[in-house]
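*Asks:*
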Amino acid sequence: MKKQRISEINLTNEKRFISSARAQNWDITFDSLIKYLSKHTNKYPSQRNKDLTAHHLAVWLLKVRSDYRNKRLTEYRLAKLKGINFPFEPFEYHWKNSYLKIKNWIKKKNTFPTRKSNLNSFIWLKTQSNKFINNSLDSSKRELLKIINIQQFIVDLEINKFLNQPWESIYSLIKKYYETNNSLPLQSDSDPKIAILGLWLLNQSKKKGNLTVAQKTKLNELYNKSKFLIKKTWYESFQEIFNFHKLQKRWPARSDGELGRWCSNQRYFYKASTKEVHTKYPEDRKEKLDSIGFIWNMKKFES
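If you're matching positions, the sequence shown starts at 223 in my numbering and goes up one per residue.
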């Protein structure tokens with residue numbers, strides 16, 4: 223009986239010793255983590271790291287997170303971990319870090335990251351935009367993404383997707399628009415579907431060196447058709463513009479419907495003619511508009 227009692231005491235002491243040693247090892251590893259974070263700008267170690275210390279810490283972190291999820295952490299250890307803002311949920315931690323990086327990028331650059339400017343951030347943001355569309359994000363993340371205007375990023379993706387269609391496909395849409403409306407689509411149109419066609423047209427004038435001879439010919443034919451409408455129609459519109467300006471003491475804006483679009487078309491065609499020698503704006507029409515003080519550059523006039 224006495225020997226059994228002594229044996230139980232020894233076993234208890236051994237357990238206490240092991241428990242004390244483990245506690246001491248936990249504290250030592252925790253201190254090593256603090257040093258590692260200080261040295262690596264608060265970046266947590268990865269299991270893929272070839273450095274033995276970093277790898278050991280990464281494995282230890284897995285155990286810590288497992289203990290946290292299973293509520294096996296003591297109050298003492300939990301307090302120490304919370305004291306360094308330890309990320310118990312790594313996914314949430316990395317999501318927030320990625321979000322803050324992109325938010326700062328947008329604030330600094332005043333634009334979204336692209337494949338060329340910041341590939342990692344672009345891929346992350348594109349992934350989040352898909353989840354935003356599919357409504358697979360929690361409400362807090364959705365609100366954070368709205369702050370950086372994720373809706374506009376989604377629109378930009380759609381625009382780029384559209385603009386990357388085959389040249390002939392978009393040209394056919396613009397030709398069809400012209401045949402239906404007797405005018406070319408403008409980037410300033412309030413209808414996004416029309417505005418994107420206008421944007422495509424504008425982009426073509428910027429990359430003429432990259433267009434084939436056939437493509438240039440098709441564009442020039444379209445420009446010429448839209449410019450050289452029967453003179454009666456043009457002069458009738460001119461007279462309406464003259465009367466409008468005389469009465470309103472201003473030039474028609476986009477909100478004024480057909481007259482506003484007509485003015486925008488004249489400015490657009492004239493601007494295009496200054497860049498392309500084969501598509502000159504008719505001199506007699508320019509003289510007529512100049513004679514009534516027509517404003518060719520509204521942006522410059524308004525500033």
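Here a beta-carbon is modelled for each residue, glycine too, at the ideal position from N, C-alpha and C. Note that this is a predicted model, so its numbers are computed, not measured.
Taking the continuous alpha helix (DSSP H) assigned at P414, which residues delimit it?
*Replies:* P414 to K428 is the extent of the alpha helix (DSSP H) around P414.
*Asks:* Report all residues from its chain with a CB closer than 8 Å to the CB of S362; omit the five preceding and five following residues, and keep chain order.
*Replies:* Here the set comprises nothing.
*Asks:* Just reading off the alpha helix (DSSP H) that I396 is part of, what are its end residues?
*Replies:* Counting along the chain, the alpha helix (DSSP H) containing I396 begins and ends at W389 to N403.
*Asks:* Under the assumption that Y258 contacts L279 (Cβ atoms under 8 Å), give the Cβ distance between them as a whole number of angstroms.
*Replies:* Going by Cβ atoms, the distance from Y258 to L279 rounds to 6 Å, so yes, they are a contact pair.
*Asks:* Between the alpha carbons of W408 and L283, how many angstroms are there, rounded?
*Replies:* According to the sequence as given, residue 408 is Leu; it is not Trp. Cα to Cα, L408 sits roughly 58 Å from L283.
*Asks:* Is S351 closer than 8 Å to L322 when the C-beta atoms are compared?
*Replies:* Contact flag unset, no.
*Asks:* Flag this pair as yes or no: are the beta carbons of Q488 and L469 separated by less than 8 Å?
*Replies:* Not a contact, by the Cβ cut-off of 8 Å.
*Asks:* Tell whether a beta-carbon distance below 8 Å holds between L433 and Q426.
*Replies:* A contact, by the Cβ cut-off of 8 Å.
*Asks:* Hey, is the region 397-405 in contact with the region 470-478, meaning 3+ C-beta pairs nearer than 8 Å?
*Replies:* No: the two stretches stay apart, fewer than three of their Cβ pairs being nearer than 8 Å.
*Asks:* Expressed to the nearest angstrom, what Euclidean distance is found between the alpha-carbon atoms of L395 and L385?
*Replies:* Whole-angstrom Cα-Cα distance: 12 Å.
*Asks:* Give the DSSP-derived three-state secondary structure of G482 in the structure shown.
*Replies:* DSSP places G482 in helix when its eight states are reduced to three.
*Asks:* Whole-angstrom Cβ separation of K359 and K353, contact assumed at under 8 Å?
*Replies:* One point to set straight first is that residue 359 is Leu, not Lys, in the sequence displayed. The pair is a contact, with the Cβ atoms about 5 Å apart (cut-off 8 Å).
*Asks:* Out of N446, V435, N264 and I514, state which residue places its alpha-carbon closest to the alpha-carbon of H467.
*Replies:* Nearest C-alpha to H467: I514.
*Asks:* Can you tell which of L341, F516, R299 and K272 has its C-alpha closest to the C-alpha of I250?
*Replies:* When each option's Cα is compared against that of I250, the closest is R299.
*Asks:* Would you identify the three-state DSSP class for Y315, choosing helix, strand or coil?
*Replies:* In the structure shown, Y315 sits in a helix (DSSP, three-state: H, G or I).
*Asks:* Comparing C-alpha positions only, which one of S410, A301 and V435 sits nearest to C485?
*Replies:* Comparing Cα-Cα distances from C485 to each of S410, A301 and V435, the minimum goes to S410.
*Asks:* Between N356, S391, Y266 and K302, which lies nearest to K440 when the distance is taken from Cα to Cα?
*Replies:* Among N356, S391, Y266 and K302, the Cα nearest to that of K440 belongs to S391.
*Asks:* How is T263 classed by DSSP in three states: helix, strand or coil?
*Replies:* In this structure, T263 counts as coil in the three-state DSSP scheme.
*Asks:* Can you grab the Cα-Cα spacing for the pair A475 / I517, in whole Å?
*Replies:* Cα to Cα, the separation comes out at about 12 Å.
*Asks:* Which runs of the alpha helix (DSSP H), 4 residues or longer, sit entirely within the region 267-323?
*Replies:* DSSP runs (the alpha helix (DSSP H)) wholly in the region 267-323: 274-291 and 297-305.
*Asks:* Output the distance between the C-alpha atoms of Y479 and K330, rounded to the nearest integer angstrom.
*Replies:* It is Gly, not Tyr, that sits at residue 479 in the sequence shown. Cα-Cα distance, rounded: 38 Å.
*Asks:* Hey, out of W317, N326, W327 and S339, whose CA is closest to T349's CA?
*Replies:* Here the closest residue by C-alpha is W317.
*Asks:* Could you spell out the range, first to last residue, of the alpha helix (DSSP H) harbouring K609?
*Replies:* Only positions 223 to 525 of the chain appear in this structure, which leaves residue 609 out of reach.
*Asks:* What are the start and end residues of the alpha helix (DSSP H) that includes N342?
*Replies:* L341 to I355 is the span of the alpha helix (DSSP H), which, as asked, contains N342.
*Asks:* Leaving out the 5 sequence neighbours to the left and right, which residues in its chain are closer than 7 Å to I381 when beta-carbon positions are compared?
*Replies:* Within the same chain, I381 has close Cβ partners I418.
*Asks:* Is the CB-CB distance between L341 and F375 below 8 Å?
*Replies:* Not in contact: L341 and F375 (Cβ atoms no closer than 8 Å).
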